[in-house]
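Colleague: Residue numbers (our numbering): 1 to 303. The following block contains the structure, expressed as structure tokens.
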Amino acid sequence: MSSRVPAALEGVTAVLITAYTRGTAQVDEDTITQIATRTAAAGVPVLTALGNTAEVQQLRTAERLAVLRAVAAADHPVTRIAGVCGGIGTVLTETEAARDLGYHAVMVHEPADPFGDGSGLVRFYRQVAEDAALPLVLYLRSTRLSAAHLSELVALPGVVGVKYARPDLHTLAALLAGPAGQQCTWINGSAESSVASFAALGVTSFTSGIANARPDIALAVHRAATDGDLTALQALVRDFVEPIEALRAEHGGRYNVSTIKQLLRWEGIEAGGVRPPHSELDDAALARLAVVQPAVTTAGSTR
1 MSSRVPAALE GVTAVLITAY TRGTAQVDED TITQIATRTA AAGVPVLTAL
51 GNTAEVQQLR TAERLAVLRA VAAADHPVTR IAGVCGGIGT VLTETEAARD
101 LGYHAVMVHE PADPFGDGSG LVRFYRQVAE DAALPLVLYL RSTRLSAAHL
151 SELVALPGVV GVKYARPDLH TLAALLAGPA GQQCTWINGS AESSVASFAA
201 LGVTSFTSGI ANARPDIALA VHRAATDGDL TALQALVRDF VEPIEALRAE
251 HGGRYNVSTI KQLLRWEGIE AGGVRPPHSE LDDAALARLA VVQPAVTTAG
301 STR
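Structure below.
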């Protein structure tokens, strides 16, 4: 297993959107490749295709493959991670497709099956880890897995990282203090607005949707966190990150993707609409975002 994946995961991981043409009728591979190339060229070390910000649950199988192809075509050296979801068979098949396209790892979404407890999830991930063609990053949002379950999973040879988007940071703190803390790379899966809380635990890596449009902002946040520059970090979060992430999170995250696509429009990149259950920005949401626009043009120092 290449060491490049754990090392790259210590920085910023951009979770890329899916661009469409004709509203949302067709995946726009050219624009996805443009965004991927632009983000990697700015210095973001990891690109994730088919995360939740890519509307992965709303994409048909052929569309998922189109997104993977488009990100793989990015014309810049970068570590690529493919999001995979569904049953074990689907996850393994999509992992093989990602491997064939040159991806370095897969990010396994939590199973959507409403049934099953933590022990069942352990069996799910263990079987995937044993049979997968690529290393795994586990994307965790629910608290179904206990600390003991997580310790068991990160000890598996195939698991190289955990994208931790759970609300129970006390569980993460306990894991980091034990052997599990050294057995994989732990990543803040709650984006820039949670960087300070995770950094207090020693985790400065994070995933970013903002990096689609403004990779320089994501990199500036990471630099402030790794340097321990709380003044710079607080300014970036206050002036840019928090208003954006608050809009993305409200009402069940209905504006999660459309907010990023509006930021891209400000950068001159049209990425199309969003598919239900995601929502387009209404007039009130767009007005709130417009208030932040002056900060968009000044935040970050490496643009």
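By construction, the Cβ of each residue, glycine as well, lies at the ideal position given by its N, Cα and C atoms. Keep in mind that this is a model prediction, so the values were computed, not measured.
Restricting to Cα atoms, I'd like to know which of Thr18, Ile32, Ser194, Gly158 is closest to Asp168.
Modeller: Ser194
Colleague: To the nearest angstrom, report how far apart Gly253 and His278 are at their CA atoms.
Modeller: 8 Å
Colleague: Report, in whole angstroms, the separation of the C-beta atoms of Ala82 and Leu68, which I expect to be a contact under 8 Å.
Modeller: 6 Å
Colleague: What first and last residue would you give for the alpha helix (DSSP H) that runs through Phe198?
Modeller: In the DSSP annotation of this structure, the continuous segment of the alpha helix (DSSP H) that includes Phe198 starts and ends at 195 to 199.
Colleague: Which residue marks the beginning of the beta strand (DSSP E) containing Leu138, and which one marks its end?
Modeller: In the DSSP assignment, Leu138 falls within the unbroken beta strand (DSSP E) covering 136 to 140.
Colleague: Below 7 Å CB to CB, which residues in the same chain sit around Ala235 once its five sequence neighbours on both sides are set aside?
Modeller: none
Colleague: For Val44 versus Val12, is the C-beta spacing smaller than 8 Å?
Modeller: yes
Colleague: In the DSSP assignment, find the unbroken alpha helix (DSSP H) run with Arg38 in it and report its ends.
Modeller: Looking at the DSSP string, the run of the alpha helix (DSSP H) that includes Arg38 is 29 to 41.
Colleague: Have a look at Ala225, Gln262, Glu242, Asp239 and flag the residue whose alpha-carbon is nearest the alpha-carbon of Asn212.
Modeller: Among Ala225, Gln262, Glu242, Asp239, the Cα nearest to that of Asn212 belongs to Gln262.
Colleague: If distances are taken between C-alpha atoms only, which option among Ala105, Gly120, Leu247 comes closest to Pro111?
Modeller: Gly120
Colleague: Per DSSP, which residues does Ser208 bridge with? Please list them.
Modeller: The partner list for Ser208 (beta bridge, DSSP) reads Ala14.
Colleague: Can the beta-carbon of Gly23 be found closer than 8 Å to that of Gly273?
Modeller: Judged by their CB atoms, Gly23 and Gly273 are nearer to each other than the 8 Å cut-off.
Colleague: For Val350, which of helix, strand or coil comes out of DSSP?
Modeller: Outside the modelled stretch of the chain, which goes from 1 to 303, sits residue 350, for which no answer is possible.
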